[in-house]
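What follows is a short report on a single structure.
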Ligand SMILES: Nc1ncnc2c1ncn2[C@@H]1O[C@H](COP(=O)(O)OP(=O)(O)O)[C@@H](O)[C@H]1O
Ligand SMILES: [Mg+2]
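Numbering (the numbering used here), first residue to last: 19 to 308.
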């Protein structure tokens, strides 16, 4: 009996020793494996971090280049436009009827180039968070009216009706007047640009304690897929109807950024072939409310 228990316990001790030896081998192997994995993952992560830093540097260089190039282009374009106006007015001598259309074409191109440069400058200012807001509490009715007046000739030249209606009791909103004008020129400008016949209706009202500016047109409209991409940088609908309409595809991206900077929001509803409605809302300024 004693012999049996002695044999058993020596077997147990042997097994245990065997087990301990094996488990330390396993844990060593596991530690080596984990270390290798850790090193591999760290190297990868380090690589990604370096790549990310490089991409950011290149991106910043691109932004700085666009900003610098746009600034440099602005001055000569202003000079070209100034001299072309003088020529067209006849201040530098008589312009023959043969020359006039050619000079007008050059002027249109200079204007396009100027718009592109201004758009690129806006994009770089927004991306580098260099937009300075000069916000005030104002009733926006007169501002919307100004923009409608400014664009009425463009609408008239296309034989479009441009209407404006506003409720009497529009409360104050906290906005930068120049930025609101820029936003509205973009939206009402688009409505006129992408409408062949019919009308553009601009209205101002209060909806759910927000001031809503609605711009509704009877234009070419957009498909649901295109509406989804509308606020992307450089996006333009590609169709036979838009092929000969000029633009940069930056207007609505800039518009959305400016609206959101002033705590507003912008939505679009559109039916292809029927028309588009763009709505911009800004919260009513409760403190300034009378
Ligand atoms: N009122 C509208 N009706 C139809 N399409 C529009 C309207 N507004 C914008 N779009 C479409 O959205 C695109 C992006 O608009 P935007 O950013 O202002 O660029 P741009 O007018 O310079 O092309 C336009 O190219 C046009 O295809
Ligand atoms: Mg536009």
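C-beta: ideal position from N, C-alpha, C; glycine also. The model shown is predicted, which means the values in this text are computed figures rather than measured ones.
Compute the Euclidean distance between the alpha carbons of residue 191 and residue 277, then round it to the nearest angstrom. So the two alpha carbons sit approximately 12 angstroms from each other.
Looking at residue 204 and ligand 2, is the gap between the Cβ and the nearest heavy atom below 7 angstroms? Yes, the Cβ of residue 204 comes within 7 angstroms of a heavy atom of ligand 2.
According to DSSP, simplified to helix, strand and coil, what is residue 179? In the structure shown, residue 179 sits in a strand (DSSP, three-state: E or B).
What does the alpha-carbon distance come out to for the pair residue 168 and residue 205? Cα to Cα, residue 168 sits roughly 13 angstroms from residue 205.
Which residues mark the beginning and the end of the alpha helix (DSSP H) in which residue 320 is found? There is simply no residue 320 to check, as the chain begins at 19 and stops at 308 in what is shown.
Can you round the beta-carbon distance between residue 300 and residue 228 to whole angstroms, since I take them to be within the 8 angstroms contact cut? With 8 angstroms as the limit, residue 300 and residue 228 qualify as a contact, their Cβ atoms being about 6 angstroms apart.
Can you confirm whether the stretch 191–202 touches the stretch 262–282 when touching is taken to mean that 3 or more C-beta pairs between the two stretches lie within less than 8 angstroms? They touch, by the three-pair rule.
Candidates 150, 145 and 101, of which the one nearest residue 129 by Cα: Minimum Cα-Cα distance from residue 129 among the listed residues 150, 145 and 101 corresponds to 101.
Cβ neighbours of residue 284 in the same chain (closer than 6 angstroms, five flanking residues each side left out): Cβ within range, chain order: 274, 277 and 298.
Would residue 239 pass as a contact of residue 291 if the rule is Cβ separation under 8 angstroms? For residue 239 and residue 291, yes; Cβs fall inside 8 angstroms.
Which word fits residue 48, buried or exposed, when buried means at least 16 other C-beta atoms lie within 10 angstroms of its C-beta? Residue 48 is exposed by the Cβ-count criterion.
For a quick check, are the C-beta atoms of residue 171 and residue 210 less than 8 angstroms apart? It is not a contact, given that the beta carbons lie outside the stated cut-off.
Which stretch, first to last residue, makes up the beta strand (DSSP E) that contains residue 295? Counted as a single uninterrupted DSSP element, the beta strand (DSSP E) harbouring residue 295 occupies residues 293–301.
When DSSP builds the beta bridges, which residues end up paired with residue 226? In the DSSP assignment, residue 226 is bridged to no other residue.
Which whole-angstrom value is the C-beta distance of residue 232 and residue 295, which I expect to be below 8 angstroms? Confirmed, Cβ separation roughly 6 angstroms.
Length of the line joining the Cα atoms of residue 323 and residue 89: A query on residue 323 cannot be resolved here, the shown segment of the chain reaching from 19 to 308 and no further.
Whole angstroms are fine: how far does the CA of residue 268 sit from the CA of residue 250? Inter-residue distance for residue 250 and residue 268 is about 8 angstroms (C-alpha atoms, whole angstroms).
Kindly list the residues whose CB is nearer than 7 angstroms to the CB of residue 244, restricted to its own chain and excluding five residues on each side of it in sequence; keep chain order. Only residues of its own chain outside the window of five on either side were considered, and among them 255 have a CB closer than 7 angstroms to the CB of residue 244, listed in chain order.
Enumerate, from N- to C-terminal direction, the unbroken alpha helix (DSSP H) stretches of 4 or more residues contained entirely within the stretch 96–176. Listed in chain order, the complete alpha helix (DSSP H) runs (minimum 4 residues) inside the stretch 96–176 are 117–145 and 159–175.
Enumerate in chain order the residues of its own chain whose CB-to-CB distance from residue 230 is below 6 angstroms, with the five nearest sequence positions on each side excluded. 223, 297 and 299, listed in sequence order.
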